[in-house]
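Positions in the sequence shown are counted from 1; adding 2 to them yields my numbering. For every residue, glycine included, the Cβ atom is placed at its ideal position computed from N, Cα and C. Please read all numbers here as calculations on a predicted model, not as lab measurements.
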Amino acid sequence: MIRSVVRGNGAALPRRIMKNADFEGMVETSDEWIVQRTGIRQRHVAADDETTASLGEAAARAALGSAGMTPADIDLIILATSTPNNTFPATAVEIQNRLGMHHGFAFDMQAVCSGFVYAVATADLYIRGGLARRVLVIGSETFSRILDWNDRSTCVLFGDGAGALVLEAEEGAGAITDRGVLAASLRSDGVHKDKLFVDGGPSTTGTVGHLRMEGREVFKHAVGMITDVIEATFGEAGITAEDLDWFVPHQANKRIIDASAKKLGIAEQKVVVTVDLHGNTSAASVPLALSVAVADGRIKKGDLVLLEAMGGGFTWGAVLLRW
Ligand code: UT7
Numbered sequence: 003m004i005r006s007v008v009r010g011n012g013a014a015l016p017r018r019i020m021k022n023a024d025f026e027g028m029v030e031t032s033d034e035w036i037v038q039r040t041g042i043r044q045r046h047v048a049a050d051d052e053t054t055a056s057l058g059e060a061a062a063r064a065a066l067g068s069a070g071m072t073p074a075d076i077d078l079i080i081l082a083t084s085t086p087n088n089t090f091p092a093t094a095v096e097i098q099n100r101l102g103m104h105h106g107f108a109f110d111m112q113a114v115c116s117g118f119v120y121a122v123a124t125a126d127l128y129i130r131g132g133l134a135r136r137v138l139v140i141g142s143e144t145f146s147r148i149l150d151w152n153d154r155s156t157c158v159l160f161g162d163g164a165g166a167l168v169l170e171a172e173e174g175a176g177a178i179t180d181r182g183v184l185a186a187s188l189r190s191d192g193v194h195k196d197k198l199f200v201d202g203g204p205s206t207t208g209t210v211g212h213l214r215m216e217g218r219e220v221f222k223h224a225v226g227m228i229t230d231v232i233e234a235t236f237g238e239a240g241i242t243a244e245d246l247d248w249f250v251p252h253q254a255n256k257r258i259i260d261a262s263a264k265k266l267g268i269a270e271q272k273v274v275v276t277v278d279l280h281g282n283t284s285a286a287s288v289p290l291a292l293s294v295a296v297a298d299g300r301i302k303k304g305d306l307v308l309l310e311a312m313g314g315g316f317t318w319g320a321v322l323l324r325w
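Here it is as structure tokens:
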């Protein structure tokens with residue numbers, strides 16, 4: 003059977019780093035509160051000349067470089083983002099143009115923090131369905147543009163950045179030992195819309211709006227939703243937590259990551275944590291975490307890697323792949 007195998011990965015971060023202490027004069031908060039409640043120590047914040055498209059392009063070029071490919075080799079670009087450059091056209095098409103690609107096709111995918119997991123699962127279906135052989139899957143966000151910088155309960159949590167993977171079709175045996183995407187499980191439930199949303203949009207207010215979150219409510223649901231969808235993925239693949247080499251969760255809150263790993267029986271040393279470095283970068287968080295763990299030599303060819311995310315909607319999902 004056809005498998006979607008990772009050929010390369012890359013990342014891009016805005017130049018400016020904002021430390022927790024930098025918020026202390028802006029809103030009533032402290033480095034101590036932010037670290038204790040979230041694990042975040044710093045985040046990158048985009049300058050005016052850094053956009054979802056420019057960061058996505060840079061991550062895409064890095065991923066192509068690590069795959070030894072050029073844009074000419076790619077058939078499809080899927081960009082996971084909730085902060086597109088414009089309402090339309092899709093920022094994926096802008097990235098396609100920036101890469102000098104005038105063949106194939108590109109589209110955006112909107113599942114907020116779960117966007118990258120949704121996009122990898124979708125790319126896998128395009129590859130296995132024969133509609134594309136090589137896909138650039140990008141997660142890129144500039145959440146700093148939709149934050150209410152006077153709201154301490156949200157402005158300290160998010161950051162900007164981008165990450166990307168190149169997936170390519172390869173013949174596999176249909177076994178768990180194959181490289182590539184092995185299982186995926188996606189969920190959403192709009193009943194939770196008001197717990198995490200943006201209070202503007204083209205069809206309602208005609209404005210971009212600002213992010214609003216009932217953090218405690220999101221927290222309450224997160225661990226249960228994350229562990230349920232991972233157990234479904236384990237069931238589909240016929241594996242247990244013991245078989246995993248690496249757990250690469252969405253990076254929203256260290257307490258959510260720790261509680262999820264504990265409930266699933268995933269050993270602490272297998273968990274990739276980058277929330278301290280990047281904050282919550284929504285659809286970029288999983289590929290940014292992957293880029294750190296690949297660069298420092300933790301994730302290697304043949305390793306069994308579990309990706310997971312949960313966010314606005316609510317949306318949530320998991321992807322199991324062999325690197
Ligand atoms: O990526 C999408 C998914 N998103 C998430 O997973 C986020 C989920 N939620 C969370 O991570 C946590 O709920 C937060 C980090 C947002 C908040 O942590 P918490 O432990 O749930 O705190 P809380 O909301 O219950 O607030 C505790 C206190 C409140 O004060 P009172 O009411 O106890 O007097 C807040 O007003 O902390 C206060 N607070 C702050 N204090 C200092 C809220 N934000 C801040 C702040 N600095 N930045």
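Could you check where the beta strand (DSSP E) with T187 kicks off and where it finishes? Numbered from its first residue, the sequence shown carries residue 187 at position 185. Reading the sequence as shown, one finds Ser at residue 187 and not Thr. Counting along the chain, the beta strand (DSSP E) containing S187 begins and ends at G182 to S190.
Taking a contact to mean a Cβ-Cβ separation below 7 Å, would you say Y128 touches L78 in this structure? Within the sequence shown, residue 128 is the residue found at index 126, counting from 1. Within the sequence shown, residue 78 is the residue found at index 76, counting from 1. Against a cut-off of 7 Å, the Cβ pair of L78 and Y128 comes out as a contact.
Among the residues of its own chain, which have a CB less than 7 Å from the CB of R5, if the five just before and after it don't count? Start at 1 with the first residue of the sequence shown, and residue 5 comes out as number 3. Cβ within range, chain order: E172, G174, D180, R181, G182 and V183.
Just checking, does the segment 272-284 make contact with the segment 245-253 on the three C-beta pairs under 8 Å criterion? Flag = yes, the segment 272-284 and the segment 245-253 touch.
To test your reading of the DSSP string, which unbroken alpha helix (DSSP H) runs of 4 or more residues are found completely within the segment 11-93? 33-40 and 54-69, all fully within the segment 11-93.
Taking the continuous alpha helix (DSSP H) assigned at V225, which residues delimit it? The sequence position of residue 225 within the sequence shown is 223, counting from 1. V225: member of the alpha helix (DSSP H) spanning G217 to A239, first to last residue.
Report yes if the CB atom of T93 is closer than 7 Å to the CB atom of L81, and no otherwise. Stepping through the sequence shown from its first residue, residue 93 is reached at position 91. Stepping through the sequence shown from its first residue, residue 81 is reached at position 79. Yes, they are a contact pair.
Quick one: Cα of A113 to Cα of S190, how far? Working through the sequence shown from its first residue, we reach residue 113 at position 111. Working through the sequence shown from its first residue, we reach residue 190 at position 188. Each residue's alpha carbon lies about 9 Å from the other.
Determine the direct distance from the alpha carbon of K265 to that of G237, and round the result to whole angstroms. The count along the sequence shown starts at 1 and reaches residue 237 at position 235. The count along the sequence shown starts at 1 and reaches residue 265 at position 263. Computed Cα separation, rounded: 16 Å.
If the criterion is Cβ atoms closer than 7 Å, does the pair V119 and L309 meet it? To locate residue 119, count along the sequence shown from 1; it is residue 117. To locate residue 309, count along the sequence shown from 1; it is residue 307. Contact: yes.
Sort out for me which residues DSSP pairs I4 with in a bridge. If you number the sequence shown from 1, residue 4 lands on position 2. Looking at the DSSP assignment, I4 forms a beta bridge with E173.
On the CB-based measure, 16 or more other CB atoms within 10 Å of its CB, does A65 come out buried or exposed? Taking the first residue of the sequence shown as 1, we reach residue 65 at position 63. Counting Cβ neighbours within 10 Å, A65 comes out buried, since at least 16 surround it.
State whether the segment 258-276 contacts the segment 204-211, with contact taken as three or more CB pairs (one from each stretch) at a distance under 8 Å. no
If I measure Cβ to Cβ from G165 and keep anything under 6 Å in the same chain, skipping five residues before and after, which residues do I get? Taking the first residue of the sequence shown as 1, we reach residue 165 at position 163. Answer for G165: A13, A61, G141, A286, P289, L290 and S293, listed in chain order.
At the level of alpha carbons, what is the spacing between G211 and G163? Indexing the sequence shown from 1 puts residue 211 at position 209. Indexing the sequence shown from 1 puts residue 163 at position 161. Going by the C-alpha atoms only, they are around 20 Å apart.
Cβ-based burial, Q38 [other Cβ within 10 Å; buried from 16]: Locating residue 38 in the sequence shown gives position 36, where the first residue counts as 1. Exposed is the call here.
Starting from T156, follow the alpha helix (DSSP H) in both directions and report where the run begins and ends. To locate residue 156, count along the sequence shown from 1; it is residue 154. R154 to C157 is the span of the alpha helix (DSSP H), which, as asked, contains T156.
How about T85: is its Cβ closer than 6 Å to a heavy atom in the ligand UT7? For the purposes of this step, residue 85 is taken as residue 83 along the sequence shown, with counting starting at 1. No, the beta carbon of T85 sits no closer than 6 Å to any heavy atom of the ligand UT7.
To which residues of the same chain is E96 closer than 7 Å at the C-beta, ignoring the five residues directly before and after it? For the purposes of this step, residue 96 is identified with residue 94 of the sequence shown, where counting begins at 1. These residues qualify, in order along the chain: A55 and N87.
Can you have a look at E170 and say buried or exposed, based on whether 16 or more other CB atoms are within 10 angstroms of its CB? Position 168 of the sequence shown, counting from 1, holds the residue named residue 170. E170 comes out buried.
Nearest to H105 by CA position, among V29, T72 and W248, is which residue? Locating residue 105 in the sequence shown gives position 103, counting from the first residue. Closest option to H105, Cα to Cα, is T72.
S259 by DSSP, collapsed to three states: which one? Position 257 of the sequence shown, counted from the first residue, corresponds to residue 259. As written in the sequence, residue 259 is Ile, which differs from the Ser given in the question. In the structure shown, I259 falls within a helical segment according to DSSP collapsed to helix, strand and coil.
Quick check: E59 and R100, are their CB atoms within less than 7 Å of each other? Here residue 59 refers to the residue found at position 57 when the sequence shown is read from its first residue. Here residue 100 refers to the residue found at position 98 when the sequence shown is read from its first residue. Taking 7 Å as the Cβ cut-off, E59 and R100 qualify as a contacting pair.
How would you label D126, buried or exposed, when you count the other beta carbons within 10 angstroms and need 16 or more for buried? Locating residue 126 in the sequence shown gives position 124, counting from the first residue. Counting Cβ neighbours within 10 Å, D126 comes out buried, since at least 16 surround it.
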